[in-house]
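The next block holds one structure in the form of structure tokens; read it before the comments.
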Amino acid sequence: MSTFHSDPMNVLHQLDAAESLAFTAVSPRDASLMTPDAAIGNDCTVPVANCSDTQTILVVEGDEATRETLIQMLQYRHYKVLSSACGREAILTVQQQHVDLVLMDVDLPDLDGFRTTRLLRQMMDLSQLPIVMVTSASDPDEVLRAFDSGANDHVCKPLDPAATLARIATQLQLKSALQRLQQSEERYALTARGTNDGMWDWNLVTGELYLSPRWRCMVGLDGASWTPHGSEWMDLIHHEDRRRVQLDLEAHLCGETDHFETELRMQDGKQTYRWMLCRGLAVKDSHGTAYRIAGSLTDITEGKVADALTGLPNRMLFNDRVQRSVDHQSRNPQNRFAVIFMDVDDFKLVNDHFGHDAGDDFLVSIASRLDTSLRKSDAIIARMGGDEFAVLLENIRHVDEAVAVAMRLHEKMRSPFPVGDREILTQASMGIAVSEFDPESGKPQATAEELLVRADTAMYFAKNQSELPYAIFNEDMLAENMLRLELGSQLRHALDRDELTLLYQPMVQLCDGTTAGFEALLRWEHPEHGTVSPNMFIPIAESNGLIVEIGKWVLRKACQQAKLWQVEFGRPIMISVNVSVRQLSASGFVEAVNEALEETQLQPECLKLEVTESLLMQDPESTIELLHELRRIGLTIGIDDFGTGYSSLSYLHRMPLDILKVDRSFVDSMFDSDKNAALIRSILALAKSLELNVVAEGVETRAQLQRLQDLGCHFVQGFYFSHPLKPDAASEMINHHWL
20 MSTFHSDPMN VLHQLDAAES LAFTAVSPRD ASLMTPDAAI GNDCTVPVAN CSDTQTILVV
80 EGDEATRETL IQMLQYRHYK VLSSACGREA ILTVQQQHVD LVLMDVDLPD LDGFRTTRLL
140 RQMMDLSQLP IVMVTSASDP DEVLRAFDSG ANDHVCKPLD PAATLARIAT QLQLKSALQR
200 LQQSEERYAL TARGTNDGMW DWNLVTGELY LSPRWRCMVG LDGASWTPHG SEWMDLIHHE
260 DRRRVQLDLE AHLCGETDHF ETELRMQDGK QTYRWMLCRG LAVKDSHGTA YRIAGSLTDI
320 TEGKVADALT GLPNRMLFND RVQRSVDHQS RNPQNRFAVI FMDVDDFKLV NDHFGHDAGD
380 DFLVSIASRL DTSLRKSDAI IARMGGDEFA VLLENIRHVD EAVAVAMRLH EKMRSPFPVG
440 DREILTQASM GIAVSEFDPE SGKPQATAEE LLVRADTAMY FAKNQSELPY AIFNEDMLAE
500 NMLRLELGSQ LRHALDRDEL TLLYQPMVQL CDGTTAGFEA LLRWEHPEHG TVSPNMFIPI
560 AESNGLIVEI GKWVLRKACQ QAKLWQVEFG RPIMISVNVS VRQLSASGFV EAVNEALEET
620 QLQPECLKLE VTESLLMQDP ESTIELLHEL RRIGLTIGID DFGTGYSSLS YLHRMPLDIL
680 KVDRSFVDSM FDSDKNAALI RSILALAKSL ELNVVAEGVE TRAQLQRLQD LGCHFVQGFY
740 FSHPLKPDAA SEMINHHWL
């Protein structure tokens with residue numbers, strides 16, 4: 020019996036004549052639903068594969084004449100055709116060359132078509148290599164055996180050319196569609212792996228929940244057989260976040276939000292929680308009812324618990340670790356720990372002078388230096404925000420251990436920090452709070468939040484009232500802290516209510532014992548608290564920015580008083596005014612000085628500005644430029660608290676200075692040892708080499724005065740001569756002879 024129902028080439032020519040070469044393209048979905056006969060249709064329309072890229076068909080046929088006829092028929096349809104006469108040759112061809120489809124007869128001379136198909140299926144699956152088998156129409160069992168062997172489709176003898184071509188084209192289209200689908204899925208999977216996100220797909224009707232391998236791994240289910248069903252995945256969410264997540268999800272499913280997005284904490288399989296960003300989009304039916312929602316899960320723990328700038332743990336993580344320590348102490352009372360709160364002095368100046376980028380670099384340098392100063396097994400250091408850092412010290416036996424760590428950090432901060440092409444000197448103030456266990460209540464004395472407040476309070480005390488770089492919290496500090504908060508709000512009105520006043524302490528010239536001038540000292544006469552110490556309210560004014568306005572008032576008031584004395588006594592009277600960090604760095608400071616002089620008609624030579632040594636060295640280059648501008652006005656410039664900072668001789672000789680003012684701590688300790696007296700002697704020698712005068716402050720005894728005279732000091736001031744005086748009392752001291 021002939022293999023073909025009719026002459027295949029005649030049939031093809033007839034199809035061409037009927038213009039059936041303009042085949043209707045069939046979508047993969049449609050083609051999968053159509054039977055081969057339906058694909059042909061009554062009008063003999065045959066689906067064809069995309070011929071933009073020639074596809075290769077392997078014809079496996081033992082009869083040479085039939086094989087050649089098939090080859091011609093396929094080539095007529097612009098397929099590339101390979102051929103084999105037996106099964107073994109077909110397998111070898113598939114191994115060595117690219118083949119898109121195999122058209123194979125059941126009857127082959129060596130291996131029959133069924134066995135050959137099974138061997139090919141061991142190499143490639145149905146989607147990779149479609150196989151269309153030519154079976155006998157008289158033996159229905161051959162069709163079943165063909166599919167059992169792994170064939171995709173079959174055609175019966177005698178072959179109908181149009182039907183054969185239709186089945187071949189359909190299988191090629193299906194293969195192409197499956198390849199595109201596979202590529203799409205691979206691209207999707209690769210994208211998901213590339214973003215390191217977990218994927219989820221929730222059928223809201225059946226409750227079926229698909230979780231990608233990455234999702235399961237993120238929440239510790241990668242090795243578990245249990246898979247959450249429906250809303251059971253909510254059980255993995257931290258109990259404090261669960262209700263909020265449910266509300267966010269319901270809002271999206273009800274159409275109140277365009278998409279579902281929420282941050283939450285989920286278990287990670289290690290008895291801890293990690294921060295996740297969960298996002299999704301619902302699919303709705305024609306009635307607007309959501310029946311499915313799919314989305315992603317992103318681990319954002321690092322961003323939530325690590326400071327973006329420095330890489331250190333952030334406030335959230337630090338607070339969590341302190342809370343854990345408190346919980347641990349509740350179970351183990353012997354577990355003492357300490358919190359050190361640190362504030363970098365005058366960080367705002369770096370931002371103001373060099374810009375925020377330089378400020379960021381400055382903070383990164385500080386963080387790196389602090390981080391390398393502590394053993395990770397002993398402590399956690401975090402950036403709490405701005406220029407504030409904190410340290411958690413666990414398992415300490417005594418507060419001295421925390422003090423030792425604070426001093427170690429202090430020493431690390433003393434070396435200059437590079438900022439751009441300059442070096443910046445800074446210091447840090449630290450507050451220490453130790454967690455103690457209360458045996459009566461059976462729990463720690465302070466909560467985690469209270470400990471942080473205590474450490475912060477002690478830090479403020481260290482910054483403003485302690486001679487040490489640290490302070491250890493005590494209960495009295497809380498009362499002072501409350502007073503500080505109260506004064507902060509009231510200080511804004513102190514100027515308007517004339518509550519601020521200036522007192523004047525005389526400076527004595529040791530060569531003749533006369534009054535060389537006065538230092539103007541600011542005081543606050545509070546209507547309820549009486550005289551408020553400058554150590555209390557000046558730092559408040561510094562922090563809230565009022566110091567600039569207050570500083571202008573002090574300049575005008577001091578110049579006004581000096582002018583009054585000049586008129587009264589007929590000679591110039593020198594007046595000294597202390598300048599704060601914020602004042603000097605504020606824009607318009609030189610203009611404010613000029614305005615005060617012009618308004619009071621005081622000669623510039625009668626005004627001396629005193630700037631602390633640490634301020635001068637924070638940004639030496641800018642400071643030198645500013646001091647020269649002030650000097651050009653005609654002012655006298657002095658360094659206050661000299662010896663307590665870290666002045667560089669290379670900068671000192673370039674600064675337009677007139678006076679070095681020795682800090683009172685050196686005067687207090689000058690009799691403690693020969694070394695202390697030698698320090699003052701060294702300062703005097705330095706001043707002499709730089710042609711500067713020296714003022715010693717804090718003189719309280721006759722012995723101190725005598726020693727300073729013997730050392731060759733130029734000027735002195737202190738309680739031995741006079742406390743700060745009101746203007747009328749100070750007037751009486753102008754012509755006083757002190758020695």
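If you read the sequence shown in our numbering, its first letter stands for residue 20, the second for the next number, and so on. For every residue, glycine included, the Cβ atom is placed at its ideal position computed from N, Cα and C. Being a predicted model, the structure only gives us computed values, none of them experimental.
C-alpha of VAL714 to C-alpha of VAL369: approximately 30 Å in a straight line.
Fully enclosed beta strand (DSSP E) runs of no fewer than 3 residues occupy 398-404, 407-413, 436-438, 441-443 and 447-454 of the segment 391-476, in order along the chain.
Counting only runs of at least 4 residues, the segment 675-712 fully encloses the following alpha helix (DSSP H) elements, listed from N- to C-terminal order: 683-687 and 693-708.
Secondary structure at VAL363: strand, using DSSP grouped into helix, strand and coil. Under the criterion of beta carbons closer than 8 Å, ILE594 and ALA615 do not qualify as touching, at roughly 11 Å. Here SER155 carries a strand assignment [DSSP, helix/strand/coil]. With a minimum length of 4 residues, the unbroken runs of alpha helix (DSSP H) contained wholly in the segment 118-191 fall at 132-142 and 159-168. The residue from LEU502, THR655, MET674 and MET335 with its alpha-carbon nearest to that of ILE643 is MET674. Cβ-Cβ distances below 8 Å link LYS627 to GLY536, MET593, ILE594, SER595, VAL596, LEU654, THR655, ILE656, GLY657, ASP677 and ILE678 in the same chain, with the five nearest sequence neighbours on each side left out; the list follows chain order. When rounded, the separation of the alpha-carbon atoms in HIS372 and SER392 is 28 Å.
Sixteen is the threshold: since fewer than 16 other Cβ atoms of the shown chains lie within 10 Å of the Cβ of GLU710, the residue is exposed.
ASP326 is positioned such that its CB atom lies closer than 8 Å to that of ARG402. Residue burial is scored here from C-beta neighbours: PHE690 has fewer than 16 other C-beta atoms within 10 angstroms and is therefore classed as exposed. SER102: member of the beta strand (DSSP E) spanning 99-103, first to last residue. Beta-bridge annotation (DSSP): ARG298 is paired with GLU280 and SER315. Contact between PRO553 and LEU541 holds, since their C-beta atoms are separated by about 6 Å, short of 8 Å. In the DSSP annotation of this structure, the continuous segment of the alpha helix (DSSP H) that includes ASN563 starts and ends at 553-563. Excluding the 5 residues flanking it on each side, GLU538 has same chain C-beta neighbours closer than 6 Å at GLN524 and SER595, in chain order. In chain order, ALA211, GLY217, MET218 and TRP219 place their CB closer than 8 Å to the CB of SER231, counting only its own chain and leaving out the 5 sequence neighbours on each side. In this structure the segment 249-259 does not touch the segment 269-282; the number of beta carbon pairs closer than 8 Å is below three. DSSP places LEU521 in no alpha helix (DSSP H) but in the uninterrupted beta strand (DSSP E) bounded by 519-528. A contact is defined here as three or more CB-CB pairs under 8 Å, and the segment 434-441 fails this definition with respect to the segment 453-473. Shown here, THR75 sits in a strand according to DSSP, grouped into three states. Cβ atoms of VAL125 and MET142 stay farther apart than 8 Å, at about 20 Å. Straight-line measurement puts the Cα of ALA313 at about 28 Å from the Cα of LYS194. Between LYS462 and SER349, the C-beta spacing is below 8 Å. In this structure, DSSP gives ASP216 a state outside helix and strand, which the three-state scheme calls coil. Nearest Cα to ASP346 within the set VAL302, ARG311, GLU455 and PRO488: GLU455. Taking C-beta atoms as the reference points, ARG298 and LEU223 fail to come closer than 8 Å. Boundaries of the beta strand (DSSP E) harbouring GLN736: 734-736, taken from the DSSP string. Judged by DSSP secondary structure, TRP543 falls within the beta strand (DSSP E) whose first and last residues are 534-545. For GLY322, the uninterrupted alpha helix (DSSP H) run begins and ends at 320-324, by DSSP. Straight-line measurement puts the Cα of ASN754 at about 12 Å from the Cα of GLN528. Rounded to whole angstroms, GLU486 and ARG683 show a C-alpha spacing of 12 Å. Rounded to the nearest whole angstrom, the CA to CA distance from THR533 to HIS756 is 5 Å. Going by beta carbons, LEU77 and SER103 fall inside the 8 Å limit.
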